[in-house]
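Protein chains: 2
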Amino acid sequence: MDWTIGVDIGGMSIKAGLVDDNGKIIKECREKTAPNADACIKNLLNQINFLLDSNQLTIKEISGIGVGCPGAVSPDTGIVDFLPNLGWVNVPLVKKIQEVFEVPVKIANDASVAALAEATYGVAKEYNNCLMFTLGTGVGGGMVLDKKLYDGGYGRGGELGHIVLDINGEPCTCGRRGCVETFVSATALIKQTKRAMLSDKDSAMWRYCEGNIEKVSGKTAFECAKNGDKTAQKVVDDYVMYLSESIMSFLNVFRPDAFILGGGISLQGKYLTDKVTEYCERFDYGYKSAPKTKILCASLGNDAGIIGASALIK
Amino acid sequence: MDWTIGVDIGGMSIKAGLVDDNGKIIKECREKTAPNADACIKNLLNQINFLLDSNQLTIKEISGIGVGCPGAVSPDTGIVDFLPNLGWVNVPLVKKIQEVFEVPVKIANDASVAALAEATYGVAKEYNNCLMFTLGTGVGGGMVLDKKLYDGGYGRGGELGHIVLDINGEPCTCGRRGCVETFVSATALIKQTKRAMLSDKDSAMWRYCEGNIEKVSGKTAFECAKNGDKTAQKVVDDYVMYLSESIMSFLNVFRPDAFILGGGISLQGKYLTDKVTEYCERFDYGYKSAPKTKILCASLGNDAGIIGASALIK
Numbered sequence: 001m002d003w004t005i006g007v008d009i010g011g012m013s014i015k016a017g018l019v020d021d022n023g024k025i026i027k028e029c030r031e032k033t034a035p036n037a038d039a040c041i042k043n044l045l046n047q048i049n050f051l052l053d054s055n056q057l058t059i060k061e062i063s064g065i066g067v068g069c070p071g072a073v074s075p076d077t078g079i080v081d082f083l084p085n086l087g088w089v090n091v092p093l094v095k096k097i098q099e100v101f102e103v104p105v106k107i108a109n110d111a112s113v114a115a116l117a118e119a120t121y122g123v124a125k126e127y128n129n130c131l132m133f134t135l136g137t138g139v140g141g142g143m144v145l146d147k148k149l150y151d152g153g154y155g156r157g158g159e160l161g162h163i164v165l166d167i168n169g170e171p172c173t174c175g176r177r178g179c180v181e182t183f184v185s186a187t188a189l190i191k192q193t194k195r196a197m198l199s200d201k202d203s204a205m206w207r208y209c210e211g212n213i214e215k216v217s218g219k220t221a222f223e224c225a226k227n228g229d230k231t232a233q234k235v236v237d238d239y240v241m242y243l244s245e246s247i248m249s250f251l252n253v254f255r256p257d258a259f260i261l262g263g264g265i266s267l268q269g270k271y272l273t274d275k276v277t278e279y280c281e282r283f284d285y286g287y288k289s290a291p292k293t294k295i296l297c298a299s300l301g302n303d304a305g306i307i308g309a310s311a312l313i314k
Numbered sequence: 001m002d003w004t005i006g007v008d009i010g011g012m013s014i015k016a017g018l019v020d021d022n023g024k025i026i027k028e029c030r031e032k033t034a035p036n037a038d039a040c041i042k043n044l045l046n047q048i049n050f051l052l053d054s055n056q057l058t059i060k061e062i063s064g065i066g067v068g069c070p071g072a073v074s075p076d077t078g079i080v081d082f083l084p085n086l087g088w089v090n091v092p093l094v095k096k097i098q099e100v101f102e103v104p105v106k107i108a109n110d111a112s113v114a115a116l117a118e119a120t121y122g123v124a125k126e127y128n129n130c131l132m133f134t135l136g137t138g139v140g141g142g143m144v145l146d147k148k149l150y151d152g153g154y155g156r157g158g159e160l161g162h163i164v165l166d167i168n169g170e171p172c173t174c175g176r177r178g179c180v181e182t183f184v185s186a187t188a189l190i191k192q193t194k195r196a197m198l199s200d201k202d203s204a205m206w207r208y209c210e211g212n213i214e215k216v217s218g219k220t221a222f223e224c225a226k227n228g229d230k231t232a233q234k235v236v237d238d239y240v241m242y243l244s245e246s247i248m249s250f251l252n253v254f255r256p257d258a259f260i261l262g263g264g265i266s267l268q269g270k271y272l273t274d275k276v277t278e279y280c281e282r283f284d285y286g287y288k289s290a291p292k293t294k295i296l297c298a299s300l301g302n303d304a305g306i307i308g309a310s311a312l313i314k
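Those sequence lines, one after another, are chains A and B.
Sequential numbering from 1 applies to the first sequence in the numbering used here.
Sequential numbering from 1 applies to the second sequence in the numbering used here.
#1: Tyr154/B versus chain A: which residues are under 7 Å apart at the beta carbon?
#2: Any beta carbon from chain B within less than 9 Å of Glu281/A's own beta carbon?
#3: If you follow the alpha helix (DSSP H) that Thr77/A is part of, which residue opens it and which one closes it?
#4: What residues from the stretch 217-251 of chain B come within 9 Å of chain A, judged by C-beta to C-beta, listed N to C?
#5: Could you tell me whether the Cβ of Cys174/A comes closer than 9 Å to any Cβ of chain B?
#6: Can you find the residues in the same chain that come closer than 6 Å, C-beta to C-beta, to Gly17/B, ignoring five residues on each side of it along the sequence?
#7: For chain B, find out if any of its Cβ atoms is closer than 9 Å to the Cβ of Val144/A; answer yes or no.
#8: Hey, does Glu99/A have any beta-carbon neighbour from chain B nearer than 9 Å?
#9: Tell me, please, whether the CB atom of Lys295/A is closer than 9 Å to any CB atom in chain B?
#10: Beta carbons nearer than 7 Å to chain B: which residues of the stretch 164-195 of chain A have them?
#11: Considering only residues of the same chain and omitting the five flanking positions on each side of Val235/B, which have a CB-CB separation below 6 Å?
#12: For the stretch 117-136 of chain A, which residues have a CB atom closer than 8 Å to at least one CB atom of chain B, in sequence order?
#13: Determine the closest residue to Gly269/A out of Phe254/A, Gly301/A, Val253/A, Pro256/A, with distance taken between C-alpha atoms.
#14: Just how far apart, CA to CA, sit Glu210/B and Met12/B?
#15: I'd like to know if Gly158/B contacts chain A, where contact means its C-beta is closer than 9 Å to some C-beta of that chain.
#16: May I ask you to report which of helix, strand or coil DSSP gives Val67/A?
#17: List the whole-angstrom C-beta distance separating Leu57/B from Trp3/B, where the pair is believed to meet the contact cut-off of C-beta under 8 Å.
#18: Please name the residue, chosen from Asp151/B, Asp110/B, Gly155/B, Ala258/B, that lies closest to Cys69/B on a Cα-to-Cα basis.
#19: Can you look up Asp8/B in the DSSP assignment and give me helix, strand or coil?
#20: Let's see if you can read the secondary structure: which residues bound the alpha helix (DSSP H) around Ala290/B?
#21: Would you say Gly78/A faces chain B, with C-beta separation under 9 Å as the test?
#22: Kindly indicate which three-state DSSP category Ser249/A falls into: helix, strand or coil?
#23: From the DSSP output, read off the bridge partner residues of Cys179/B.
#24: Over what stretch of residues does the alpha helix (DSSP H) that includes Thr187/B continue unbroken?
#25: Which residue's Cα is closest to the Cα of Ser203/A: Glu170/A, Gly169/A, Val105/A, Thr231/A?
#26: To which residues does DSSP link Thr134/A through a beta bridge?
#27: Considering only residues of the stretch 10-59 of chain B, which uninterrupted alpha helix (DSSP H) runs meet the minimum length of 4 residues and lie entirely inside it, listed in chain order?
#28: Give the straight-line distance between the Cα atoms of Glu99/B and Glu126/B, rounded to the nearest whole angstrom.
#29: When the cut-off is 9 Å and only beta carbons count, does Gly315/A lie next to chain B?
#30: Short of 7 Å in beta carbon distance, which residues of its chain neighbour Gly157/A, apart from the five on each side in sequence? Order them along the chain.
#31: Count the other CB atoms within 10 Å of the CB of Met143/B; is the residue buried (16 or more) or exposed (fewer)?
#32: Take the Cβ of Asp303/A as the centre, count every other Cβ of all protein chains shown within 10 Å, and call the residue buried at 16 or more, exposed below.
#33: Cβ of Gly141/A less than 9 Å from any chain B Cβ?
#34: Per DSSP, what kind of secondary structure is Val91/B in: helix, strand or coil?
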């Protein structure tokens, strides 16, 4: 058996897992994030020791440790450059882990890691070329080309949420205007939903939110659309259009086998992918002469972080 | 010496060249395109024989033949799927060449081939990761990642001109709206120039065109801007903004070492690249933590087709 350890550093907690060579998590543990990088790393090293001890393994039996990080990392140098939510700046994470555990250690951005997980062990494991959007507070992006993670020069590409969809659009957190993220993140969908509710006081979405617009979530429009509310259906139709147009830009550049949707909105599953597929088939000229890209929802859920991090060691 | 033959199929003519292992064209010939694929291929085979004979070489001394095609090709199967300007549909070009010459034969899209030429022997030869726009009637795209041509799944990606810049923009030839091509092709620049001239009858651009708006070219606004015409400067500033925003979307996905501009508009050279570089440095958040992408103009001109095609054989 070939064992690896995958670590998923999140904004709230650090999860670590022992993973077998089928991408199955055998043992998992979780710690709240500590207030600074040194304390986090100390915990992380303890978590790895816990995984080894509780499975009666020594570090020599582990092929390596992979770590997914929520921010900018330099895979070549092993340095975590910047994690906005944790306040890490220029942390030599690979070096610090290897001072304790003498095995290969690799780091990558968390959205890249999620894409690698789905492309290696998840919904897209049959395909060679996959791209992925993580539709959450922002829009993360991952690319797996010829079964290998591709994260751009210096590991600093892969920001698939930051191509422009409307040069005159709303300001994006990145400083530009009208990025894909401003249209298809959960944050954007919530904004679009609220706007539609304010324009239609009779929409069923008000009842769904018990009259409180602050209860709107990424599910509100979808659930009410399924129940026939016209205003909600318009929100969903527009969202599908924005999402499909964003995806099509990438299809024209990469023509991947699969495009994976992750994050909370992807829980809409086939209801969402059927609509996006239908839109892309109608408007994507590339479909006339190349195999159709499958639009798929992620299948590994919260495990993708650990599984994908472990898959960095292959 | 390692010899290859590069063939550049264009809308008007087919050029073939004998290329040495420094990417230098030793001997070149050209034929007008014939009315159908079979006749074109017959000429092409004659051109190859001419190159061999006039250099006293046999086919055994050639490491291979590369062909750049203006349209959709399938590099894996060796089939030219569709060349709109030549009317070729489903032509098994590699097979037809190999029936006569038993050497490796490879095909690729012409914009990809141009990018490979610049990345291997031209302005970007020092860099590992390069993207390229060919700014002509349309906008072609090429990607060279880790020094290797990347043209997407089934060779059908690389349509860098067809990511959306304004989802509400003008119709694009591809069927969508507001693609990069509708903003930064020479065709688009000419349209933008004419619009500005019609709004300012005193612009120096009228004199530059001898009062005839049909004489507007991709040079009109640039040349008059350099001479101080305010309306022309506004056209150039807007064009630079569109081009820079298009490029920045790709920087966020690929973070390449170099972004190359080819096609007629790239003859503006440093005047253009200085402005684009300045815009990207101001607005690209990625620049804060990764090496800056060099914005460069293509250096191989019309030879890029033959040189890049020959570089497919490496």
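The beta carbon of each residue, even a glycine, is placed where N, CA and C say it ideally should be.
Judging by the given coordinates:
#1: Here the question's residue 154/B lines up with position 154 in the second sequence. Residues of chain A passing the Cβ test: Arg255, Ala290, Pro291.
#2: Looking up residue 281/A in the first sequence gives position 281. Glu281/A is outside the set of residues whose beta carbon lies under 9 Å from a beta carbon in chain B.
#3: The residue given as residue 77/A occupies position 77 in the first sequence. Under the DSSP assignment, Thr77/A falls outside any alpha helix (DSSP H); it carries neither an H nor an E label.
#4: Met241, Tyr242, Glu245, Ser246, Met248, Ser249, Phe250, Leu251
#5: As a position in the first sequence, residue 174/A is number 174, starting the count at 1. Yes, its Cβ sits closer than 9 Å to a Cβ of chain B.
#6: Residue numbering aside, residue 17/B sits at position 17 when the second sequence is read from its first letter. These residues qualify, in order along the chain: Gly6, Ile25, Glu28, Ile306.
#7: In the first sequence, counting from the first residue as 1, residue 144/A sits at position 144. Answer no: the Cβ-Cβ gap between Val144/A and chain B never drops below 9 Å.
#8: The residue labelled residue 99/A in the question sits at position 99 within the first sequence. Put simply, the CB of Glu99/A is far from chain B, with every gap to its CB atoms at 9 Å or more.
#9: As a working mapping, residue 295/A is identified with position 295 in the first sequence. The residue asked about is misnamed: residue 295/A is Ile in this sequence, not Lys. No, because no Cβ of chain B sits closer than 9 Å to the Cβ of Ile295/A.
#10: Val164, Leu165, Asp166, Ile167, Asn168, Cys174, Gly175, Arg176
#11: As a position in the second sequence, residue 235/B is number 235, starting the count at 1. So the qualifying residues of the chain are Gln192, Thr193, Ala196, Ala221.
#12: Cβ contacts with chain B come from Asn128, Asn129.
#13: By 1-based counting over the first sequence, the position of residue 269/A is 269. Of Phe254/A, Gly301/A, Val253/A, Pro256/A, the residue nearest in Cα terms is Gly301/A.
#14: Numbered from 1 along the second sequence, position 210 holds the residue referred to as residue 210/B. Numbered from 1 along the second sequence, position 12 holds the residue referred to as residue 12/B. Each residue's Cα considered, the two are about 29 Å apart.
#15: Position 158 of the second sequence, counted from the first residue, corresponds to residue 158/B. Chain A, which has a Cβ nearer than 9 Å to the Cβ of Gly158/B, makes this yes.
#16: Indexing the first sequence from 1 puts residue 67/A at position 67. Correct three-state label for Val67/A: strand.
#17: Here the question's residue 57/B lines up with position 57 in the second sequence. Here the question's residue 3/B lines up with position 3 in the second sequence. Their Cβ separation, rounded to whole angstroms, is 7 Å, which keeps Leu57/B and Trp3/B in contact under 8 Å.
#18: Here residue 69/B is taken as the residue at index 69 of the second sequence, counted from 1. Per the C-alpha coordinates, the member of Asp151/B, Asp110/B, Gly155/B, Ala258/B positioned closest to Cys69/B is Asp110/B.
#19: Indexing the second sequence from 1 puts residue 8/B at position 8. Strand, per DSSP.
#20: For this step, residue 290/B is matched to residue 290 along the second sequence. Segment: none, Ala290/B is in no alpha helix (DSSP H) and carries neither H nor E.
#21: Within the first sequence, residue 78/A is the residue found at index 78, counting from 1. No, because no Cβ of chain B sits closer than 9 Å to the Cβ of Gly78/A.
#22: Numbered from 1 along the first sequence, position 249 holds the residue referred to as residue 249/A. Correct three-state label for Ser249/A: helix.
#23: Numbered from its first residue, the second sequence carries residue 179/B at position 179. According to DSSP, Cys179/B bridges with Val164/B.
#24: The sequence position of residue 187/B within the second sequence is 187, counting from 1. Unbroken alpha helix (DSSP H) run through Thr187/B: 186-199.
#25: For the purposes of this step, residue 203/A is taken as the residue at position 203 of the first sequence. For Ser203/A, the nearest C-alpha among the options comes from Thr231/A.
#26: Taking the first residue of the first sequence as 1, we reach residue 134/A at position 134. Note: Thr134/A sits in a beta bridge opposite Gly140/A, Gly262/A.
#27: 37-54
#28: The residue given as residue 99/B occupies position 99 in the second sequence. The residue given as residue 126/B occupies position 126 in the second sequence. If you take the alpha carbons of Glu99/B and Glu126/B, they lie about 37 Å apart.
#29: In the structure as shown, chain A begins at 1 and stops at 314. Residue 315/A is therefore absent and cannot be evaluated.
#30: By one-based count along the first sequence, residue 157/A stands at place 157. Taken in chain order, the residues that qualify are Asp151.
#31: In the second sequence, the residue the question calls residue 143/B occupies position 143. Buried is the label assigned to Met143/B, since at least 16 other Cβ atoms lie within 10 Å of its Cβ.
#32: As a position in the first sequence, residue 303/A is number 303, starting the count at 1. Counting Cβ neighbours within 10 Å, Asp303/A comes out buried, since at least 16 surround it.
#33: To locate residue 141/A, count along the first sequence from 1; it is residue 141. Yes - at least one Cβ of chain B is within 9 Å of the one on Gly141/A.
#34: As a working note, residue 91/B is residue 91 in the second sequence. Reduced to three states, the DSSP call for Val91/B is strand.
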